[in-house]
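Enquirer: Protein sequences appear in the order of chains W and Y. Residue 478 in our numbering is what sits at position 478 of the first sequence, and the numbering runs on without skipping anything. Residue 1162 in our numbering is what sits at position 162 of the second sequence, and the numbering runs on without skipping anything. In this text, a Cβ means the ideal position worked out from N, Cα and C, and glycines have one as well. I am attaching a structure below and will ask some questions about it afterwards.
There are 2 protein chains.
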Amino acid sequence: MNNLTPKQAYEKLYKISKRLAYFSSVLSILGWDERTYIPKSGYKYRSELNAVLGEYIHDEWTKDYIGELIEIAKNGELNEIERSNLYWWERSYIRSKKIPKELLINHIKVSTVAYQVWKEAREKSDFELFKPYLNEIVKILREKVQILGYKNEPYDALLDGYEAEITAEEISKVFEELKGETIRLLEKVKEKDFKRRLINGHFEKEKQKSFCIYLLEKIGFDFSMGRIDETTHPFATRIHPGDIRITTRFYEDNILSSIFGTLHEMGHAFYEMGLKEEYFGTPVGEAVSLGIHESQSRFWENIIGRSLEFWELFYKDLRRYFMHFENIKLEHFYLAINEIKPSYIRVEADELTYNLHIILRFELERDLINGKLSIDDVKDAWNEKFESLFGFRPRNDSEGILQDVHWSSDMGYFPTYTLGNLNAAQFLYKINKDLGNIYELVKEGNFKTIYNWLKENIYEKGSLYKPQELLEKVTGERTNPKYFLKYIEDKIEKLLSID
Amino acid sequence: MNNLTPKQAYEKLYKISKRLAYFSSVLSILGWDERTYIPKSGYKYRSELNAVLGEYIHDEWTKDYIGELIEIAKNGELNEIERSNLYWWERSYIRSKKIPKELLINHIKVSTVAYQVWKEAREKSDFELFKPYLNEIVKILREKVQILGYKNEPYDALLDGYEAEITAEEISKVFEELKGETIRLLEKVKEKDFKRRLINGHFEKEKQKSFCIYLLEKIGFDFSMGRIDETTHPFATRIHPGDIRITTRFYEDNILSSIFGTLHEMGHAFYEMGLKEEYFGTPVGEAVSLGIHESQSRFWENIIGRSLEFWELFYKDLRRYFMHFENIKLEHFYLAINEIKPSYIRVEADELTYNLHIILRFELERDLINGKLSIDDVKDAWNEKFESLFGFRPRNDSEGILQDVHWSSDMGYFPTYTLGNLNAAQFLYKINKDLGNIYELVKEGNFKTIYNWLKENIYEKGSLYKPQELLEKVTGERTNPKYFLKYIEDKIEKLLSID
């Protein structure tokens, strides 16, 4: 081992990384299958199957010689791409190596049970059922952050797992500004009638499906390298280059769910489709973080998909598929799909209030992990915070603290949703600078130009830069809420001007 | 290693075997995905993905300590199941270990190219294109059989890969008897009008699909542990217990293809569904051979599915789905689905002449591998043999020597199709002995009793016995063509009696 040159060591790492990427591809296809077409009795064997594969990948990547190869390779003269790959390889090696296997296995086991209990607790709307399991999860996470180490505060270690090198302090500053402005903007629209009731009706599933496929094709989703299926919870996944899949769901009493769900997952898929194929199997060939990924889903779902110009282009098609809209003016449809209205449930929230749901969760989990909040107090804390943000209290646990699945396994994930919203708007302003008014392109159906800009500036970069570095390279600064606030305030003015 | 007790060694083998079974499950799901839902551009990465996984399984199972564990375990006091597992483990260890990796990889590489060339050659109906690749394949196979070793003649080594411990000599005797009788029976029906033209028409795909699902449910296919999809070439596959999948194809101008394709694959699936779950991951928990597997697909497709009693039960349903049959008498439908008529193409052949297609291939590939026939003479040999069996010559290579995909990668597979036909009839006679006339059960729709007999006597045995041993245990003798010949002659008499 020691007589390898840095170049040889790098090559070895490259080969191992690429080989393990194929095993990860297998996990992706299993995940897709489990959520789409597996027969009911098949589930039983899948957890074992996933465990065997996951353990194999983990074992291969935590062997001591991986660390040795990294040390040798670091001494070489590296180009930008090699440097970046080594950064991520070392990072994941260290993170995986630090966590003792017993802790890892215990975490998986507790999560599996906690998930089942959470489902039952949510159904019964009884937080007391879930509390002991949440307690276990928090204990495990607190142990984990101590082992992993952190910059300023324990919670940073969890954030770092989803959004490399960002800190709770930085997020907190961003969120504070966002919170105040959001509450101010919310005041402005509280009397507004968004005419949401106009688009109630019955929408046949098969027709919804055809319309979604029609939209995907028009926008430029390449079905030769992708597909769409139906699942309870929509998702996007890349198996490997040339095979990127999305799913959506169809409610026959709500057409918006499938349309915007599809556009959301299409955004994720675009990112994956735009990664550089030649880098497949190495970090530089992969998406860099959840906060960047979510910026793309939100960009296509909200910034493009909920714009007036988008529907100026497609409203006639929607009317062709669904008679319902014959007597509804385009402007009223636009109003309805942008209704801003505080509500209990995060996943049903609008563009503006969505972030309040996230801020709430961020503040609570930060305090939980940092030891400033105990499990016994977390439900009251949720309800009080909720009231201070939204002006009313959850009526029960199901629509309060029990609504999300995330805490049955982990924390640190939530903030990336709002980072995604903010980053999306930040990219928008840069696109407008580079390409002129993006909505002129949307009106013409020229999505290709928009996609190409995103591909060149974001998708193809993969993980070449850390997430906040990428934002700086592309937009000149780190995540700054002012772009989103400008975007949403402009939109609100427009919405308010429609009768 | 050497201080392990035989019991401990066996336990270790058991664990390794079970772990590798999960990796094989992954290959199954990849195979299913590649033939059903993968987007076009996804193919490119799949050969590499399959190779990485296949190589891993191969490498793990050919490590020296596997051989050492086997040696130690053999010294223990073994029960019947353990003895059988050890037999198969040793067999596959020795076979895998003997083949040098370069030969293995070369075989895969040549096959991949040969398959592409075969497709082109078949399209152009030009054997000359394919000849050099067939030559390569035969060379590789001749090398392989020398390395593997054989009982009487080189070809035995290939047979043994698909049907353990059977020899070409034994098959040859069975086939000789079958050949003579088949030609005699063919004479009897050559003037018969089977009224096949009556069931021409246009059959909507969606309706065919519904009808096939209806049939599957009525017969007892358990959709909680299985599913059906559409592919160009129908197949059945078990991912792992609780997840068995079949496919079929739909021709809108030919309803028989989807119905009998579905029943055929259902037979394969029944075998896989009936294996003992507790033995999953060990040989005893797996199907024993192709010749037994095919006996089950043929049993359900032909012996059950093409019987008059089956359609006495289901003809009213078929009429419900398809108006076409309103004015066609049941007896004429029965005639039509059993039409016996010599034809060029194996996969379109009827129950009787199908075996002639197999005998032709068996004789040719036996001579090729044993060195009695050269590549330069194989096409002429095909055409001459074909004429002597069928009474006419193929008009071109596409409907002659180029019709099947098999020779682009291997030989020794074909005979198992006819073994399947013969074994199916042999089981039938035993079932009739045990349960009374099976067709009384069919008429009542009592498929459960038939399935249970097959499960108890065949499916649950897995690979506990070698294939011919299983036949002896169940029917009292090895594969004997007289049962099939009796079955088909009785059927022909019945068909001839219908006007």
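Does DSSP put N254(W) in a helix, in a strand, or in coil?
Expert: strand
Enquirer: What three-state label does DSSP hand H202(W) in the structure shown?
Expert: DSSP, reduced to helix, strand and coil, places H202(W) outside both helices and strands of the structure shown, so it counts as coil.
Enquirer: So which residues of chain Y does H58(W) contact, with C-beta pairs closer than 9 Å?
Expert: Chain Y residues near H58(W): none, gap ~15 Å exceeds 9 Å.
Enquirer: Chain W beta carbons: is any one of them nearer than 7 Å to that of R1238(Y)?
Expert: no
Enquirer: If you compare alpha carbons, which of F130(W), Y14(W), K139(W), F23(W) is closest to E82(W)?
Expert: Y14(W)
Enquirer: Relative to the alpha-carbon of N1432(Y), which residue among E1351(Y), I1304(Y), K1316(Y), H1107(Y) has its alpha-carbon at the smallest distance?
Expert: I1304(Y)
Enquirer: Between S1497(Y) and E1351(Y), what straight-line distance do the alpha-carbon atoms span, to the nearest angstrom?
Expert: 18 Å
Enquirer: The beta strand (DSSP E) that contains I1166(Y), what's its start and end?
Expert: Where I1166(Y) is concerned, there is no enclosing beta strand (DSSP E), given that its DSSP letter is neither H nor E.
Enquirer: I believe L422(W) touches T479(W) by the beta-carbon criterion, under 8 Å. Please report the beta-carbon distance rounded to the nearest angstrom.
Expert: 5 Å
Enquirer: Looking at the unbroken beta strand (DSSP E) that takes in T248(W), where does it start and where does it end?
Expert: 243 to 248
Enquirer: In the DSSP assignment, what are the bridge partners of D1229(Y)?
Expert: T1247(Y)
Enquirer: Between the Cα of E444(W) and the Cα atoms of G285(W), W311(W), I358(W), which residue gives the shortest distance?
Expert: W311(W)
Enquirer: What distance in whole Å lies between the Cβ atoms of S1463(Y) and Y1115(Y), which are believed to be in contact at a cut-off of 8 Å?
Expert: S1463(Y) and Y1115(Y) do not touch by the CB rule: their CB atoms are close to 29 Å apart, not below 8 Å.
Enquirer: Which residues in chain W have a C-beta closer than 8 Å to the C-beta of V1026(Y)? List them in chain order.
Expert: V26, L30, L49, L53
Enquirer: To the nearest angstrom, how far is it from the Cα of Q468(W) to the Cα of I166(W)?
Expert: Their backbone Cα atoms lie some 8 Å apart in a straight line.
Enquirer: For the alpha helix (DSSP H) holding T1418(Y), just list the boundary residues, first then last.
Expert: 1415 to 1435
Enquirer: Could you spell out where the beta strand (DSSP E) holding A1287(Y) opens and where it closes?
Expert: From DSSP, A1287(Y) is part of no beta strand (DSSP E); its letter is neither H nor E.
Enquirer: Classify T1237(Y) as helix, strand or coil using the three-state DSSP reduction.
Expert: DSSP places T1237(Y) in strand when its eight states are reduced to three.
Enquirer: Of all Cβ atoms in chain W, is any one closer than 7 Å to the Cβ of S1210(Y)?
Expert: no
Enquirer: State yes or no: is the beta carbon of P234(W) nearer than 7 Å to at least one beta carbon in chain Y?
Expert: False, the Cβ-Cβ gap to chain Y never drops below 7 Å.
Enquirer: W1118(Y) lies in the alpha helix (DSSP H); which residues open and close that run?
Expert: 1101 to 1124
Enquirer: Strictly under 7 Å for the Cβ-Cβ distance: is P1394(Y) near chain W by that measure?
Expert: no
Enquirer: Which bits of chain W does G1042(Y) rub up against, with CB to CB less than 8 Å?
Expert: M225, I239, H240, G242, D243
Enquirer: Closest to P132(W) by CA distance: which of V117(W), E77(W), E339(W) is it?
Expert: Minimum Cα distance to P132(W) is reached at V117(W).
Enquirer: What first and last residue would you give for the alpha helix (DSSP H) that runs through T5(W)?
Expert: Following the DSSP letters along the chain, one finds T5(W) in no alpha helix (DSSP H), marked with neither H nor E.
Enquirer: Would you kindly work out how many angstroms separate the C-alpha atoms of F388(W) and H406(W), rounded to a whole number?
Expert: The sequence shown places Ser at residue 388(W), not Phe. Using only the alpha carbons, I get a separation of about 23 Å.
Enquirer: Using a Cβ-Cβ cutoff of less than 8 Å, which residues in the same chain neighbour V113(W) once the five nearest sequence positions on both sides are dropped?
Expert: Y133
Enquirer: Quick one: list the residues of chain W neighbouring R1019(Y), beta-carbon separation under 7 Å, in chain order.
Expert: V52
Enquirer: How would you list, in chain order, the residues of chain W whose beta-carbon sits under 8 Å from the beta-carbon of Y1279(Y)?
Expert: Those do not exist, as Y1279(Y) stays about 14 Å from chain W at its closest Cβ, beyond 8 Å.
Enquirer: Can P501(W) and V174(W) be called in contact, C-beta distance under 7 Å?
Expert: In the structure displayed, chain W extends from 1 to 499; residue 501(W) sits before or after that span and is not available.
Enquirer: Quick check: what's the CA-CA separation for Y465(W) versus N383(W)?
Expert: 39 Å
Enquirer: If you reduce the DSSP assignment to three classes, tell me which class E1363(Y) lands in.
Expert: helix
Enquirer: By Cβ distance, which residues of its chain are closer than 6 Å to Y155(W), with the 5 residues on each side in sequence left out?
Expert: A168, R366, I369, N370
Enquirer: With the cut-off set at 7 Å, would you say E265(W) and P234(W) are in Cβ contact?
Expert: Yes, these two residues count as a Cβ contact at 7 Å.
Enquirer: For Y1045(Y) and chain W, any beta-carbon pair shorter than 7 Å?
Expert: yes
Enquirer: Chain W partners of I1038(Y), CB-CB under 7 Å?
Expert: D243
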